[in-house]
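Just so you know, the protein sequences line up as chains P and G, in that order.
Taking my numbering, the leading residue of the first sequence gets 235, the next gets one more, and so forth.
Taking my numbering, the leading residue of the second sequence gets 543, the next gets one more, and so forth.
For every residue, glycine included, the Cβ atom is placed at its ideal position computed from N, Cα and C.
Taking it in order: structure first as structure tokens, then the write-up.
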Amino acid sequence: MAALAVTAFLALGLMISLAVSIGEISIPVSTTAKAVANRLFGAGFELSRIHQGIVWDYRLSRALVAASAGASLALCGTVLQALLRNPLAEPYVLGISAGASSGAVCVMILGFGYGILTLSGGAFIGAVVAFLLVGVLAAGAGATSERIILCGVAGSQLFNALTSYIVTTSANAEQARGVLFWLLGSLSGVRWPDVWLSVPIALVGLFVCLAHVRALDAFAFGTDAAAALGIAVRRVQIVLFATTAAMTAGVVSMVGSIGFVGLVIPHAARFIVGPSHARLLPAAALGGAIFMVAADIISRIIIPQQILPIGVVTALFGAPAFAVILYRARRSA
Amino acid sequence: MSITVDTVSYTAGNTLIVNGVSLSVEKGRVLGLLGPNGSGKSSLLRLICRLRKVQSGVITLGENDVASISRAELARRVAFVEQQSNTDTQLTVLDVVKLGRTPHRGLWANWTADDEFAVEEALLRVDMLERAEQFWQTLSGGERQRVHIARALAQTPSELLLDEPTNHLDIQHQLEILSLVSKLGITSIVALHDLNLAAMFCDSLAVLQKGEVVAAGTPEDVLTEDLIGRVFGVRAHIQKSPVHGRCNIQYLMR
């Protein structure tokens, strides 16, 4: 298990160095290392300012945001699947991302809170509103796990419809294109300030989830079984739902709706390290980070001169990978 | 510890499920809870381990009011085996039984020798030690029930509540499980459907009907032809078994 953890960390490091080196302007890994050393330790290697800038200001920040966003989404999926006892649960099922999209569109096209509210701010508010709405709906409907998921699906549909309505009635062609790109997830425009937000989100989220590993394990046989094992079910649910909602809202407000990571990675991680959350949570976080950085690399190189929305890549590669996992899991069970 | 239920009532929605129930079990004894489907057996068990909130009346374990004990402390004392509970998670038998140690473990605490001992002992008692690595999904209904009981025993409880634990078991395992429970020396309340098994293994019985206790006492006092006719709506002939000396019920055809 220790060897596996080391391998995963090495893989993440390697993936991030690759992400920094690969691109329209290809930069040798040694140059990347020098540029990072210059900034971190003032090593004073002779580098062109362009290389220094590309490595530090563009690609490294982008790779770190990708890694932390992937980790956050995978954590959210893992926790929601355990809490709701449903293998399909993930942040998007609760309508959070759809709400974020609507919030962003309100700011971008309708100009809500113009000047004060940024696109990300609008997305964050939208995500929180969606989560609260789904929460109220679910509480009214009886709050069983199936109902919560149904309410999430209903919420998603509502907010997606709202987004489409605003885009088709109010946006010009250029805005519509911008919205579409953003709805599918995009890491372009990500800089260091985003790193200082997304990395802490992932780390704090991981810590809060790790503090509930026993509870998450105990949910395997349902809420009554967990309560009979001494878990304060209501409190744990509130804390973890709020944590996942905040993590998702943070991620979506920075990089848009990136699907499939929250759904696929927890299953893949469970397949590798088993169902115990003490191992599963770190594994999912690392797996999500590696997957997302890899997806970002692919989104930048698969079509020359063009960057695909990262959500397209995660879904294109995630869906077949998911099918393989399901198939192999069935054979080995 | 003894369990005492004093005029406890519980309403769900507008339906009165448990209506002024009083009963008690002495320390180390086994109480059989009988009654037709929907008579409130499950709800009463859930009230005792506080999975449902008592709306009026008091439940005490030994000296302590259940409502005043923290949830974790309660779980270290009272173990509950649900009637049917299942999971989609790929857990092994060992994983499930280990869950029983949850209330005993601090958040960052390592797995201790005590934990290991409790789990092994529990697996041994339900005869599942050799199959500890087997996956939950590959077990039969009866085997799953035995694993649940092992999980409950791993909690090292002083009170044990079982909701129809013999439901899915073949006759051999029904007898084994009830014989096991009767010899544990843990104060237990067992909801049962089989009146003969209840008479064989329980120290005392309580019969629920529509949320009320209609009879309580020793099996000989409680299980009468009249009561079985009134509560269960069947005709029965009762005699003392020449084999084990407990009462034996034979049902008559209509």
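Alpha carbon to alpha carbon, what distance is there between residue j and residue i?
{"i": "P/A517", "j": "P/D530", "result": "20 Å"}
{"i": "P/V368", "j": "P/L322", "result": "17 Å"}
{"i": "G/V547", "j": "G/L616", "result": "16 Å"}
{"i": "P/A567", "j": "P/Y561", "result": "Residue placement at P/A567 cannot be trusted, given a pLDDT of 48 that sits under 50; what the coordinates show is reported in the next sentence. Taking the straight line joining both Cα atoms gives about 10 Å."}
{"i": "P/L515", "j": "G/A621", "result": "28 Å"}
{"i": "P/G423", "j": "P/V429", "result": "12 Å"}
{"i": "P/G386", "j": "G/I691", "result": "36 Å"}
{"i": "P/G508", "j": "G/E568", "result": "43 Å"}
{"i": "P/H511", "j": "G/G570", "result": "36 Å"}
{"i": "G/P699", "j": "G/S724", "result": "14 Å"}
{"i": "P/A460", "j": "G/I791", "result": "38 Å"}
{"i": "P/S282", "j": "P/I472", "result": "51 Å"}
{"i": "G/L681", "j": "P/V313", "result": "27 Å"}
{"i": "P/W290", "j": "P/G304", "result": "20 Å"}
{"i": "P/A277", "j": "G/K640", "result": "52 Å"}
{"i": "G/D607", "j": "G/V572", "result": "20 Å"}
{"i": "P/C195", "j": "P/S390", "result": "With chain P covering only 235 through 567, there is no way to say anything about residue 195 of chain P."}
{"i": "P/S491", "j": "P/L418", "result": "6 Å"}
{"i": "P/A300", "j": "P/L307", "result": "11 Å"}
{"i": "G/T631", "j": "P/I499", "result": "16 Å"}
{"i": "G/Q664", "j": "P/A237", "result": "Checking the sequence, you will find Ala at residue 664 of chain G rather than Gln. Cα to Cα, G/A664 sits roughly 33 Å from P/A237."}
{"i": "P/V370", "j": "P/R381", "result": "12 Å"}
{"i": "G/N803", "j": "G/R688", "result": "Look at the range of chain G in this structure, 543 to 796, and you will see that residue 803 of chain G is not part of it."}
{"i": "P/Q286", "j": "P/P427", "result": "18 Å"}
Our contact map puts residue i next to residue j with C-beta atoms below 8 Å; I'd like the distance itself, whole angstroms only.
{"i": "G/L737", "j": "G/L575", "result": "Not really, about 12 Å apart at Cβ, beyond 8 Å."}
{"i": "P/I400", "j": "P/I343", "result": "6 Å"}
{"i": "G/A609", "j": "G/V596", "result": "7 Å"}
{"i": "G/Y533", "j": "G/S585", "result": "There is no way to answer for residue 533 of chain G, as the model of chain G reaches only from 543 to 796."}
{"i": "P/A523", "j": "P/L246", "result": "6 Å"}
{"i": "G/H747", "j": "G/V764", "result": "According to the sequence as given, residue 747 of chain G is Leu; it is not His. Going by Cβ atoms, the distance from G/L747 to G/V764 rounds to 4 Å, so yes, they are a contact pair."}
{"i": "P/S336", "j": "P/F275", "result": "Contact doesn't hold; Cβ gap of about 45 Å is too wide."}
{"i": "P/I250", "j": "P/A297", "result": "5 Å"}
{"i": "G/L750", "j": "G/G582", "result": "5 Å"}
With 8 Å set as the bound, which would you pick, yes or no: does the beta-carbon of residue i sit closer than that to a beta-carbon of chain P?
{"i": "G/A617", "result": "yes"}
{"i": "G/A614", "result": "yes"}
{"i": "G/R798", "result": "Only positions 543 to 796 of chain G appear in this structure, which leaves residue 798 of chain G out of reach."}
{"i": "G/P707", "result": "no"}
{"i": "G/P645", "result": "yes"}
{"i": "G/L593", "result": "yes"}
{"i": "G/S627", "result": "yes"}
{"i": "G/A778", "result": "no"}
{"i": "G/Q781", "result": "no"}
{"i": "G/G555", "result": "no"}
Below 7 Å, is the gap between the Cβ of residue i and the nearest heavy atom of the ligand PLP?
{"i": "P/V299", "result": "Here there are no bound small molecules, and the ligand PLP is not part of this structure."}
Do we get a CB-CB distance below 8 Å when we pair residue i with the residues of chain G?
{"i": "P/A567", "result": "With a pLDDT of 48 at P/A567, under the threshold of 50, the predicted position of this residue should be treated as unreliable, and no value is reported."}
{"i": "P/A555", "result": "no"}
{"i": "P/R448", "result": "yes"}
{"i": "P/G456", "result": "yes"}
{"i": "P/D428", "result": "no"}
{"i": "P/A242", "result": "no"}
{"i": "P/D451", "result": "yes"}
{"i": "P/M235", "result": "no"}
{"i": "P/G464", "result": "yes"}
{"i": "P/A519", "result": "no"}
{"i": "P/H501", "result": "no"}
{"i": "P/L274", "result": "no"}
{"i": "P/P543", "result": "no"}
{"i": "P/A459", "result": "yes"}
* **Length at least 4, wholly inside the stretch 248 to 295 of chain P: the alpha helix (DSSP H) runs in chain order** => When DSSP assignments are scanned along the stretch 248 to 295 of chain P, the uninterrupted stretches of alpha helix (DSSP H) that are 4 or more residues long and fall wholly within it turn out to be 263 to 275, 283 to 287.
* For the stretch 672 to 712 of chain G, list the alpha helix (DSSP H) runs that are entirely contained and at least 4 residues long, ordered along the chain. => DSSP runs (the alpha helix (DSSP H)) wholly in the stretch 672 to 712 of chain G: 683 to 696.
* Asked: Going along the chain, which unbroken runs of the beta strand (DSSP E) with 3 or more residues stay wholly within the stretch 467 to 498 of chain P?
  -> DSSP runs (the beta strand (DSSP E)) wholly in the stretch 467 to 498 of chain P: none.
* To do: Jot down the residue ranges of each uninterrupted alpha helix (DSSP H) in the stretch 592 to 649 of chain G, minimum 4 residues, whole runs only, in chain order.
  => Listed in chain order, the complete alpha helix (DSSP H) runs (minimum 4 residues) inside the stretch 592 to 649 of chain G are 613 to 619, 635 to 641.
* **Cβ pair count under 8 Å reaching 3, the stretch 752 to 761 of chain G against the stretch 556 to 568 of chain G** => Yes: at least three Cβ pairs fall under 8 Å.
* To do: Pair every Cβ in the stretch 439 to 451 of chain P with every Cβ in the stretch 477 to 485 of chain P, then say whether three or more of these pairs are closer than 8 Å.
  => Per the Cβ contact rule, the stretch 439 to 451 of chain P is in contact with the stretch 477 to 485 of chain P (3 or more Cβ pairs under 8 Å).
* Asked: Given 8 Å as the limit, is there contact between the stretch 443 to 452 of chain P and the stretch 485 to 499 of chain P, that is, 3 or more CB pairs closer than that?
  -> As far as the Cβ criterion goes, the stretch 443 to 452 of chain P does not touch the stretch 485 to 499 of chain P, which means the pair count is below three.
* **Meets three-Cβ-pair contact criterion under 8 Å: the stretch 447 to 455 of chain P and the stretch 309 to 328 of chain P** => The stretch 447 to 455 of chain P is in contact with the stretch 309 to 328 of chain P.
* Asked: Counting pairs of beta carbons, one from the stretch 538 to 549 of chain P and one from the stretch 330 to 339 of chain P, are three or more of them closer than 8 Å?
  -> Touching, no.
* Should the stretch 631 to 647 of chain G be called in touch with the stretch 692 to 712 of chain G, which here means at least 3 C-beta pairs below 8 Å? -> With a cut-off of 8 Å on Cβ pairs, the stretch 631 to 647 of chain G is in contact with the stretch 692 to 712 of chain G, counting three or more such pairs.
* Give, in chain order, every unbroken run of the alpha helix (DSSP H) that is at least 4 residues long and sits entirely within the stretch 395 to 478 of chain P. => The stretch 395 to 478 of chain P contains these whole alpha helix (DSSP H) runs: 407 to 417, 426 to 444, 447 to 452, 457 to 462.
* If you pair each beta-carbon of the stretch 700 to 717 of chain G with each one of the stretch 649 to 667 of chain G, do three or more pairs fall below 8 Å? -> The stretch 700 to 717 of chain G, when compared against the stretch 649 to 667 of chain G, does not touch it at the 8 Å Cβ threshold.
* Asked: Is there contact here, the stretch 236 to 255 of chain P with the stretch 263 to 273 of chain P, by at least three beta-carbon pairs under 8 Å?
  -> With a cut-off of 8 Å, the stretch 263 to 273 of chain P and the stretch 236 to 255 of chain P count as touching, because enough Cβ pairs lie within range.
* Entirely within the stretch 309 to 381 of chain P and at least 4 residues each: give me those alpha helix (DSSP H) ranges in chain order. => Entirely contained in the stretch 309 to 381 of chain P, the alpha helix (DSSP H) runs reaching 4 residues are, in chain order, 330 to 339, 353 to 375.
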